[in-house]
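Protein chains: 2
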Amino acid sequence: MKNLFSGFLDATQILEDSTLISQYMADRTKHYKSLAKLVLLPQNVDELCRIASICYNNSLLMIPLGGRTGLSAATVGTGDEVGIAMDKMNKIIEIDEIGYTVECEAGVILENLQQAVSERGMLFPLDYAAKGSCQIGGSVSTNAGGINVLKYGMTRDLVLGLEIVLADGKILNLNHALIKDNSAYKLMQLFIGAEGTLGFISKVTLKCYPQVKNRQIVYFGVKNFEFVPQILQELRQRSFDIIAFECLSKVCHDAVLESMPQLRSPFQSIHHYYILCELDEKNSDAISEVCSELMESDIIQDAVIAQNDKEATLFKLLREAVSDALYLKGEVHANDISVPVSSLKLFLNDLNNLFRNSYSKYLLGVFGHIGDGNLHIYIINSNNESGEIFKNACLKSDHEIFALIEQYRGSISAEHGIGLLKKSALRYRRSETEIELMRNIKQLFDPKNLMNPGKIFTVEISPND
Amino acid sequence: MKNLFSGFLDATQILEDSTLISQYMADRTKHYKSLAKLVLLPQNVDELCRIASICYNNSLLMIPLGGRTGLSAATVGTGDEVGIAMDKMNKIIEIDEIGYTVECEAGVILENLQQAVSERGMLFPLDYAAKGSCQIGGSVSTNAGGINVLKYGMTRDLVLGLEIVLADGKILNLNHALIKDNSAYKLMQLFIGAEGTLGFISKVTLKCYPQVKNRQIVYFGVKNFEFVPQILQELRQRSFDIIAFECLSKVCHDAVLESMPQLRSPFQSIHHYYILCELDEKNSDAISEVCSELMESDIIQDAVIAQNDKEATLFKLLREAVSDALYLKGEVHANDISVPVSSLKLFLNDLNNLFRNSYSKYLLGVFGHIGDGNLHIYIINSNNESGEIFKNACLKSDHEIFALIEQYRGSISAEHGIGLLKKSALRYRRSETEIELMRNIKQLFDPKNLMNPGKIFTVEISPND
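Protein chains in written order, with this note's numbering: chain W, 1 to 465; chain P, 1 to 465.
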């Protein structure tokens with residue numbers, strides 16, 4: 001098979017070693033095979049088209065690979081596929097300081113892109129934990145979210161244009177750098193969040209923003225979750241420019257302090273929920289004022305405004321360190337869900353009841369981008385119960401949680417995607433009619449079903465699907 | 001045919017009178033037929049589903065009708081179709097002050113929606129001239145833009161969820177009110193801007209924003225277009241919160257003053273271009289300061305900051321009145337195009353050359369949402385030349401303009417859509433592969449080709465397409 005590609009790819013672009021292949025074909029999930037026939041690394045879109053065309057003509061299955069930081073097993077392989085990694089397609093093509101856009105190849109690492117744009121006095125606001133190794137093509141393929149969604153939106157909201165390589169090697173140039181274009185269906189939107197099942201993303205044009213002028217970080221202590229959405233509402237009613245509004249439960253807050261003894265809580269007293277709020281506001285007095293008002297009306301119990309950059313960094317660390325800190329407390333089963341912001345209170349109430357009644361032997365860690373209705377729900381085997389019992393309890397809890405989410409018209413995957421991990425849960429979120437339409441759309445773009453087959457849904461309808 | 005519907009629709013819901021039908025089947029374009037077999041007015045989604053299902057079973061063609069304010073002949077009829085108007089489906093269902101969302105039926109008039117949301121202390125930022133009669137379903141179907149796109153985006157960016165009625169009467173409930181959801185392809189995105197060719201939009205959930213806190217209006221006088229994008233850049237570099245950045249050429253500015261003698265230019269001297277800039281900025285000194293800096297570096301010739309609401313309204317009127325003022329100067333042929341912001345200067349240069357060389361007997365009015373790369377190009381028959389000669393010259397100029405736009409990777413329709421008006425020009429913007437994919441997508445959602453057939457593109461490939 002190597003012979004098909006060795007005429008135009010050099011030795012560094014064809015990986016055959018099983019250890020290397022396994023590194024490329026794994027993401028951050030476990031329990032999935034990470035195999036492939038070969039991993040190929042095109043250096044430019046011409047090579048990518050040629051690879052796709054050869055795979056198409058030989059009916060070889062293809063998996064597009066980004067930075068392998070996914071959390072839904074969307075890029076793992078069973079061994080029948082060819083992995084095609086974008087690592088070498090990592091050029092930043094143009095930073096446009098007039099149009100406030102940046103154009104780059106799909107393999108550019110997010111942090112490098114942020115950095116390059118920042119050096120030109122602009123902001124590329126997409127930001128999440130994996131930024132040091134995730135690739136922008138992967139961010140687009142999973143429609144990544146992160147910490148700045150409340151103000152700047154998901155990756156979808158930042159994409160202006162895409163260059164796509166279809167399964168047969170044909171190129172689609174979709175939208176380029178236009179902010180406004182109403183010329184028929186926006187095909188581009190289908191590829192955002194499609195997890196590589198419709199084609200390769202080879203090039204991306206993205207929106208940039210002015211840099212944040214007066215970043216302020218406030219940390220709130222709250223006695224009851226019901227006040228959390230209210231704080232957001234109060235800030236919005238005063239037209240504050242809110243960049244992030246993040247929440248962590250006491251379990252999460254305590255876990256962070258436990259895991260990082262050098263950190264201290266900003267508060268003397270203990271609260272049930274903590275809010276990290278990032279604002280763009282010049283007038284710190286206005287922030288102090290609203291904090292006093294919220295305390296007087298008993299909506300918050302306490303508030304601290306970061307007084308300098310060092311303190312701001314420490315406050316942010318309290319939120320950023322949550323996931324790692326919870327993993328230290330035992331095996332974790334994680335869900336990444338969303339419900340409408342106004343339903344968060346009732347949903348969390350039901351969730352807490354479910355855990356009190358049926359899963360009280362496990363630790364429940366709840367945190368997330370609350371301003372977007374997005375909660376990370378961690379079930380932690382903190383008493384180190386047998387792995388098998390824990391696993392089965394988690395699977396059972398999944399279905400109970402998903403049924404709750406369905407009831408609140410929420411999403412079973414707010415940020416991470418479906419991949420293989422949530423394939424069987426898709427029906428809690430999407431109707432049969434929708435899934436059938438999606439299968440048909442896949443067949444339009446990829447008639448031989450070669451692009452990342454079996455991810456999200458199965459195209460051949462089988463009894464197990 | 002009336003009998004098919006009279007069992008469940010009353011007399012006010014079935015229009016047979018040819019004058020009434022003609023009112024419903026016309027938009028703001030001329031030269032197109034405005035006929036239909038019947039116009040039906042469902043009162044709720046159940047009736048709409050029943051209508052669609054009957055039409056489907058009887059293979060009747062359907063045209064969804066909004067406020068009939070379209071500019072691309074996307075809702076006109078040849079007489080073979082049934083028009084289905086959303087006027088009676090005009091309920092605002094829920095305004096959510098916690099989640100900052102609003103849910104309403106498709107027939108709600110935009111201005112009523114703005115008003116209702118504003119009474120609850122929030123902002124629904126979509127705003128354009130037709131707001132008093134356009135319906136939100138139509139705004140979504142054309143992905144309307146308007147004056148606040150620079151800050152808040154197009155309609156697409158404001159839509160959270162859609163309820164769709166497909167040609168066969170099946171309902172799709174897409175996304176509800178979720179800000180975050182990564183569960184496979186975003187089918188919803190296909191319906192935004194689809195001009196009614198894929199199904200009916202029956203219900204919409206939209207994003208709201210905090211109200212603007214410190215609205216400031218500045219009017220700039222500029223000697224040369226090359227400085228216009230630079231002003232935008234200078235403002236962004238200083239992290240100003242820009243809501244709108246609109247440009248008008250001297251021709252447009254003068255036409256407004258001529259048509260409204262009660263208005264006066266804010267400037268003593270004459271400029272070649274004028275900029276209306278709307279900012280959210282508390283500190284007016286900061287604005288004065290940047291105006292001085294821009295004048296010192298010769299980027300602008302003059303600047304005036306509105307000192308009160310009355311002055312702000314007058315400044316905005318200078319921009320809003322442009323279109324009507326140009327229509328008073330003679331027959332108008334209008335194009336609504338976009339190019340990347342950084343290409344505006346070169347594009348406009350080429351456009352001016354084209355007109356100087358080949359169309360100098362007509363008046364050229366250029367204005368628009370320059371911050372989004374969106375220009376309205378009006379060719380005006382100001383010397384009242386014979387209609388036929390003018391029409392032919394405009395058709396010729398269209399193709400020359402579209403070729404220029406293609407060269408700058410721009411759009412032949414930034415805001416207004418394709419409909420029938422720009423159907424033959426679609427190939428300047430979309431490749432044959434794209435158009436073929438779009439045809440196939442239409443066939444997936446509407447296999448009998450009953451939904452607004454013949455608009456945007458023809459599904460049966462014919463030599464005339």
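Every residue, glycine too, gets a C-beta built ideally from N, C-alpha and C. Nothing here was measured: the structure is a model prediction, and the numbers come from that model.
At a Cβ-Cβ threshold of 8 Å, residue 405 of chain W and residue 411 of chain W count as neighbours. Flagged as an interface residue toward chain P: residue 100 of chain W, by a C-beta distance shorter than 8 Å. A straight line joining the alpha-carbon of residue 256 of chain P with that of residue 325 of chain P spans about 5 Å. One finds 180 in chain P with Cβ atoms closer than 7 Å to the Cβ of residue 145 of chain W, taken in chain order. As DSSP reads the structure, residue 73 of chain W sits in no beta bridge. Neighbours of residue 233 of chain W in chain P, taken as residues whose beta carbon is under 7 Å from its own, are 97, 98 in chain order. Residues of chain P with a Cβ closer than 7 Å to the Cβ of residue 458 of chain W do not exist; the shortest Cβ-Cβ separation is about 12 Å. Residue 183 of chain W carries a coil assignment under DSSP once its states are collapsed to helix, strand and coil.
Residue 263 of chain W sits away from residue 174 of chain W, with the two beta carbons spaced by 8 Å or more.
Along the region 156 to 189 of chain W, going in chain order, the ones with a CB nearer than 7 Å to a CB of chain P are 157, 170, 172, 176, 177, 178, 179, 180, 181, 182, 183, 184, 185, 186, 187, 189.
Interface criterion not met: the Cβ of residue 114 of chain P is under 8 Å from no Cβ in chain W. For residue 229 of chain P, there is no enclosing beta strand (DSSP E); the enclosing alpha helix (DSSP H) has its first and last residue at 228 to 237. Scanning its chain for C-beta atoms nearer than 6 Å, with the 5 sequence neighbours on each side dropped, one finds around residue 253 of chain W the residues 274, in chain order. Chain order gives the chain W residues near residue 213 of chain P as 239, where near means a beta carbon separation below 7 Å. The alpha-carbon separation between residue 363 of chain W and residue 323 of chain W amounts to approximately 14 Å.
Apart from the 5 residues on each side of it in sequence, residue 259 of chain W sits with its Cβ closer than 6 Å to the Cβ of 325, 328 in its chain, given in chain order. Residue 453 of chain W and residue 353 of chain P have their alpha carbons spaced roughly 52 Å apart. In its chain, beyond the 5 residues on either side, 212, 213, 214, 215, 241, 243 have a beta carbon closer than 7 Å to the beta carbon of residue 280 of chain P. At a cut-off of 8 Å between beta carbons, residue 119 of chain P makes no contact with chain W. For the region 312 to 343 of chain P, residues whose beta-carbon sits nearer than 7 Å to a beta-carbon of chain W comprise 338, 340, 341, 342.
Using a Cβ-Cβ cut-off of 9 Å, residue 437 of chain P is close to 172, 185, 187, 444, 445 of chain W, given in chain order. The Cβ of residue 374 of chain W sits closer than 8 Å to at least one Cβ of chain P. Among the residues of the region 65 to 83 of chain P, none has a Cβ less than 7 Å away from any Cβ of chain W.
Distance from the CA atom of residue 56 of chain P to the CA atom of residue 146 of chain W, rounded to whole angstroms, is 44 Å. Of all residues in the region 393 to 422 of chain P, only 409, 410, 411, 412, 413, 414, 415, 416, 417, 418, 422 come within less than 8 Å of chain W when Cβ atoms are compared, listed by chain position.
Counting along the chain, the unbroken alpha helix (DSSP H) around residue 403 of chain P starts and ends at 387 to 407. Restricted to the region 64 to 140 of chain W, the beta strand (DSSP E) segments that are unbroken, complete and at least 3 residues in length are 81 to 85, 92 to 96, 101 to 105, listed in chain order. In this structure, residue 225 of chain P sits away from residue 150 of chain P, with a CB-CB distance that is not shorter than 8 Å. Using a CB distance cut-off of 8 Å, residue 236 of chain W counts as an interface residue toward chain P. In chain order, 326, 332, 334, 365 place their CB closer than 6 Å to the CB of residue 378 of chain P, counting only its own chain and leaving out the 5 sequence neighbours on each side. Under the Cβ distance rule, residue 148 of chain P does not count among the residues neighbouring chain W, no pair being separated by less than 8 Å. For residue 210 of chain P, the C-beta contacts it makes with chain W under 9 Å involve 235, 236, 237, 238, 239, 240, 241, 242, in order along the chain. In the structure shown, the three-state DSSP call for residue 200 of chain P is strand. Nearest CB-CB separation between residue 129 of chain W and chain P: not below the 8 Å threshold. Judged by DSSP secondary structure, residue 416 of chain W falls outside any beta strand (DSSP E); it is assigned neither H nor E. In this structure residue 184 of chain W does not touch residue 62 of chain P by the C-beta definition: roughly 19 Å separates them, more than the 8 Å allowed.
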